[in-house]
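J.: The structure under discussion is supplied below as structure tokens; questions concerning it will follow.
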Amino acid sequence: MSSQSKIPVGVLGATGSVGQKFIELLSNHPWFQVTEVAASEKSAGKLYKDAVNWILSTPLPDDVAGLKVKECEPYLESRLVFSGLDSSVAGGIEEAFAKKGYYVVSNSKNHRMDKDVPLLVPEINADHLKLVKAQSYNGGCIVTNPNCSTIGMVLALKPLQDNFGLEAVNVVTMQALSGAGYPGVASLDIVDNVIPFISGEEPKLETEPLKILGRFDGDKIINNEIKISAQCNRVAVLDGHTECVQVKLKKKASIEEIKKAWKNFSAEPQKLNLPTAPLRPIYYFEEDRYPQPRIHRNLDKGMAVSIGRLREDPIFDYKFVVLSHNTNRGAAGGALLCAELMKAEGYI
């Protein structure tokens with residue numbers, strides 16, 4: 010697709026850490042092109058390169074650097090917008106855009122649990138996109154992707170749910186610093202330390218999977234009834250959330266059957282060959298010391314989930330370790346994959 014025929018997109022909250030990641034991932038995208046950036050009033054009117062404190066290791070794309078920052082008001086020319094807005098302001102702004110006919114793909118938490126808003130992980134619940142038809146936004150819509158720690162876990166759980174059923178899940182997370190945004194956690198708090206609390210994180214991890222793994226009945230989502238207990242910790246890792254998961258299955262399964270379910274898992278994004286989709290959503294490692302964030306977080310465009318250390322559990326049935334890239338798979342990359350599915354399925 011030539012640059013002239015690419016779909017123009019806007020980025021809301023473009024100067025923030027998630028907004029920057031959207032811009033990085035959209036650079037040279039085959040379907041979409043960033044033509045507008047929007048941020049707070051203090052940034053509006055400036056050139057993007059002057060308004061942003063670019064924190065990514067890749068260079069700021071030249072075609073975005075010279076864009077003038079606009080206010081986050083629904084007067085953009087691009088009908089598709091990606092939202093990296095802070096949750097303190099995202100809810101109302103996203104609704105205002107949707108009511109004006111914009112397609113809003115959001116990484117913010119505000120609308121995730123709304124009954125008519127898809128909470129989308131394209132490999133898991135692509136059919137939930139049909140919920141947007143129930144939205145009353147004058148032709149616009151809001152689609153959300155889940156919390157970054159939720160995404161890695163539900164991708165690991167989906168093949169188990171489909172093949173064996175799930176009764177209960179216990180998860181303990183070791184979450185990367187980038188998940189706190191920028192400037193994030195103070196160095197004097199995190200160096201030589203683990204912080205055993207991330208505000209709002211445990212409730213998200215205990216509730217979001219129930220909607221994602223729920224069933225669309227043609228009108229609404231019937232939430233799954235898995236019992237989930239979560240404990241969340243911040244650790245001194247730059248990128249990549251590690252999660253220690255225990256599961257109780259409804260149907261008896263062997264270790265080899267579980268590994269096979271993971272290795273054979275493929276879904277709609279792979280069938281459609283979506284640009285941001287990993288070739289394989291799940292990689293299983295036999296080595297006892299894997300997965301590790303520094304080694305595996307960028308696997309398959311940073312969009313794959315790495316799993317290892319599957320073994321029997323004396324309290325649950327099995328336990329294992331999951332790793333996912335929290336800003337690629339868990340934030341901007343996950344939302345971008347949602348937009349690609351929307352285009353492929355004719356919603357954009």
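Residues in the sequence shown are numbered consecutively from 10, following our numbering.
Quick reminder that beta carbons are idealized off the backbone N, C-alpha and C, glycines included.
Because the structure is a prediction, the values reported are computed rather than measured.
#1: Assess, as a yes-or-no matter, whether the stretch 259–269 is touched by the stretch 227–245 under the definition of 3 or more beta carbon pairs within less than 8 Å.
#2: Taking all protein chains shown into account, do 16 or more other C-beta atoms lie within 10 angstroms of the C-beta of E210, making it buried, or fewer, making it exposed?
#3: Straight-line CA distance for F329 to A262?
#4: Using three-state DSSP, classify F41 as helix, strand or coil.
#5: Which one of K236, F325, N307 has the shortest CA to CA distance from P212?
#6: So the candidates are A53, E50, V46; which of them puts its Cα closest to the Cα of V73?
#7: Taking the DSSP output, what are the residues bridged to A239?
#8: Can you list, in chain order, the residues of its chain with a C-beta nearer than 7 Å to that of A340? Leave out the 5 residues immediately preceding and following it.
#9: Measuring CB atoms only, is the stretch 71–86 touching the stretch 55–62, in the sense that at least three cross pairs come out at less than 8 Å?
#10: Beta-carbon separation of P155 and W271 under 7 Å?
#11: Residue ranges of each alpha helix (DSSP H) run of no fewer than 4 residues wholly in the stretch 294–344, ordered along the chain?
#12: Out of T336, I16, N307, E295, which has the shortest C-alpha to C-alpha gap to R320?
#13: Using CA coordinates, which residue listed in A135, V113, K108, G22 is at the minimum distance from V98?
#14: How would you write the range of the alpha helix (DSSP H) that S158 sits in, first residue to last?
#15: Does the beta-carbon distance from Q144 to D125 come in below 7 Å?
#16: Under 6 Å: does the beta carbon of E103 sit that close to some heavy atom of the ligand NAP?
#17: Go ahead and label T182 buried or exposed: buried means 16 or more other beta carbons lie within 10 angstroms of its beta carbon, across all protein chains shown.
#18: By DSSP, does I16 sit in helix, in strand, or in coil?
#19: Applying the criterion that 16 or more other CB atoms from any shown protein chain within 10 Å of the CB defines a buried residue, is G355 buried or exposed?
#20: What separation, rounded to the nearest whole angstrom, lies between the Cα atoms of L89 and N179?
#21: In this structure, how does DSSP classify Y57 when only helix, strand and coil are distinguished?
#22: Would you give the residue range spanned by the beta strand (DSSP E) that E80 belongs to?
#23: Mapping the DSSP letters down to three states, classify E86 as helix, strand or coil.
#24: Would you mind working out which of I357, E277, R298, R338 sits nearest A135, comparing C-alpha positions?
#25: Quick one: measure Cβ to Cβ for G188 and H250, integer angstroms, because I've assumed they're closer than 8 Å.
#26: Starting from V114, trace the beta strand (DSSP E) both ways and give me its first and last residue.
#27: Is it true that the CB of T159 sits closer than 7 Å to the CB of R121?
#28: For L166 and F206, I'd like the C-alpha separation in whole angstroms.
T.: So, from the data block:
#1: no
#2: buried
#3: 14 Å
#4: strand
#5: K236
#6: V46
#7: V180
#8: V27, K30, N116, C157
#9: yes
#10: no
#11: 302–305, 308–311
#12: E295
#13: G22
#14: 157–173
#15: yes
#16: Absence of the ligand NAP is noted for the structure shown, with no ligands found whatsoever.
#17: buried
#18: strand
#19: exposed
#20: 37 Å
#21: helix
#22: 78–80
#23: coil
#24: E277
#25: 7 Å
#26: 112–115
#27: no
#28: 24 Å
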